[in-house]
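Single-structure report; data block below.
In the numbering used here, the protein residues as written are 12 to 327.
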């Protein structure tokens with residue numbers, strides 16, 4: 012790993028490939044190797060300018076916008092073979108693909124973005140796997156430990172269209188999870204969430220009325236002596252929403268080392284060999300923004316999580 016300094020101001024004119032993209036996402040993609048915290052700092056400080064004016068991180072680029080990017084220090088990672096797990100590319104199971112979208116069944120433990128040169132994330136692996144693919148961007152995100160359906164855009168038109176669907180609540184997302192305690196048959200959780208970062212730059216989310224509106228619907232599939240097996244409909248897509256909402260109402264997710272219950276997690280690991288967060292993005296459905304067809308993508312419950320449920324059924 013080594014650092015490169017870009018000692019001069021960079022001027023960039025927005026074209027159709029970046030039209031309607033948020034300035035923070037554009038800079039994260041354009042300044043590969045620059046820590047996100049630094050990117051947000053240069054936006055807040057006004058060092059990044061669009062058409063000679065200050066903007067905030069939510070500004071969406073328009074064609075012919077003149078972007079001023081200040082000198083930055085870029086950390087370049089020298090990726091060697093040991094940074095890539097031998098079988099990681101083969102684990103990226105393709106659920107669906109057309110000219111506009113790529114739908115993957117993401118394994119648990121794989122971050123959607125790589126970091127600090129230790130490993131490559133989903134997007135970096137796919138770009139390596141598909142060197143001729145000129146455009147490939149994440150439509151949405153999943154936490155590192157969450158498995159299941161994730162969509163990538165192969166065209167800017169699909170990306171912007173899918174983001175519009177998400178913004179207007181027109182993309183239906185279902186998850187499967189296992190939580191502590193006995194849950195109600197059905198429940199809607201409406202609690203605003205506030206996101207912050209601790210001194211180490213780690214994201215923390217908590218219930219706070221000053222935060223963003225967040226709505227989660229749960230349906231109980233089965234009760235066991237160890238807890239409850241749920242299907243979750245994510246109405247809004249806030250960071251760590253399912254984990255924080257359920258933990259807040261007294262039903263922490265199994266295997267959640269951030270918002271969960273340490274003692275219970277340890278018991279599940281020792282007794283049932285559950286070694287990960289029990290959260291799986293099982294399905295996504297929406298109207299395809301280009302073909303206007305209704306599409307439904309599904310990933311069966313990951314093998315290790317299904318094994319855990321099977322063991323609980325046998326133990327009854």
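Where a beta carbon is used, it is the ideal one built from N, C-alpha and C, also for glycine.
Contacting residues, own chain, Cβ-Cβ under 8 Å from residue 325 (five flanking each side not counted): For residue 325, there are no CB contacts under 8 Å within the same chain when 5 residues up- and downstream are skipped.
With respect to the alpha helix (DSSP H) encompassing residue 136, which residues constitute its N-terminal and C-terminal limits? Residue 136: member of the alpha helix (DSSP H) spanning 133-140, first to last residue.
My output table needs one value for residue 173: the three-state DSSP class, helix, strand or coil. The DSSP-derived three-state label of residue 173 is helix.
Nearest-angstrom Cα separation, counted from residue 165 out to residue 30: Distance between the alpha carbons of residue 30 and residue 165 is about 15 Å.
Of the choices 309, 41, 42, 19, whose alpha-carbon is the least far from that of residue 185? It is 309.
I'd like to know whether the C-beta atoms of residue 280 and residue 249 end up nearer to each other than 9 Å. Cβ distance not < 9 Å, so residue 280 and residue 249 don't count as in contact.
Given a cut-off of 9 Å on the beta-carbon distance, is the pair residue 157 and residue 240 in contact? Contact: no.
Beta strand (DSSP E) containing residue 230: first to last residue? Counting along the chain, the beta strand (DSSP E) containing residue 230 begins and ends at 226-234.
Considering only the alpha carbon of each residue, which of 294, 283, 50 lies closest to residue 307? Ranked by Cα distance from residue 307, the options 294, 283, 50 are led by 294.
Tell me which residue opens and which closes the alpha helix (DSSP H) that residue 47 is part of. First-last of the alpha helix (DSSP H) with residue 47: 47-55.
Enumerated in chain order, which unbroken segments of the alpha helix (DSSP H) with a length of 4 residues or greater are wholly contained in the segment 214-283? As far as the segment 214-283 is concerned, its whole alpha helix (DSSP H) runs of at least 4 residues are 252-259, 273-283.
Output the distance between the C-alpha atoms of residue 303 and residue 170, rounded to the nearest integer angstrom. One alpha carbon belongs to residue 303, the other to residue 170, and they sit about 14 Å apart.
Counting pairs of beta carbons, one from the segment 262-282 and one from the segment 144-152, are three or more of them closer than 8 Å? No, the segment 262-282 is not in contact with the segment 144-152.
Less than 8 Å between the CB atoms is what I'm expecting for residue 232 and residue 216, so what's the real figure, rounded? Going by Cβ atoms, the distance from residue 232 to residue 216 rounds to 25 Å, so no, they are not a contact pair.
Which of helix, strand or coil does DSSP assign to residue 33? Looking at residue 33 - three-state DSSP - the assignment turns out to be strand.
Going by other Cβ atoms of all chains shown within 10 Å of its Cβ, with 16 needed for buried, is residue 182 buried or exposed? Burial call: buried.
Simplified DSSP state of residue 39, which is helix, strand or coil: Helix at residue 39.
DSSP three-state assignment for residue 150, whether helix, strand or coil: Coil.
Tell whether a beta-carbon distance below 9 Å holds between residue 227 and residue 252. The Cβ atoms of residue 227 and residue 252 lie closer than 9 Å to each other.
Assign residue 193 to one of three DSSP states: helix, strand, or coil. Per DSSP, reduced to three states, the secondary structure at residue 193 is coil, with no helix or strand assignment.
Grab me the residues of residue 238's own chain with a C-beta within less than 7 Å of its C-beta, minus the 5 sequence neighbours each way, in chain order. The beta carbon of residue 238 sits closer than 7 Å to those of 189, 190, 191, 192, 265, all from its chain and outside the five residues before and after it, given in chain order.
Using the Cα positions of residue 320 and residue 53, report the straight-line distance between them to the nearest angstrom. Cα to Cα, residue 320 sits roughly 48 Å from residue 53.
The segment 62-70 touching the segment 20-27, judged by at least three CB pairs closer than 8 Å: Short answer: they don't touch.
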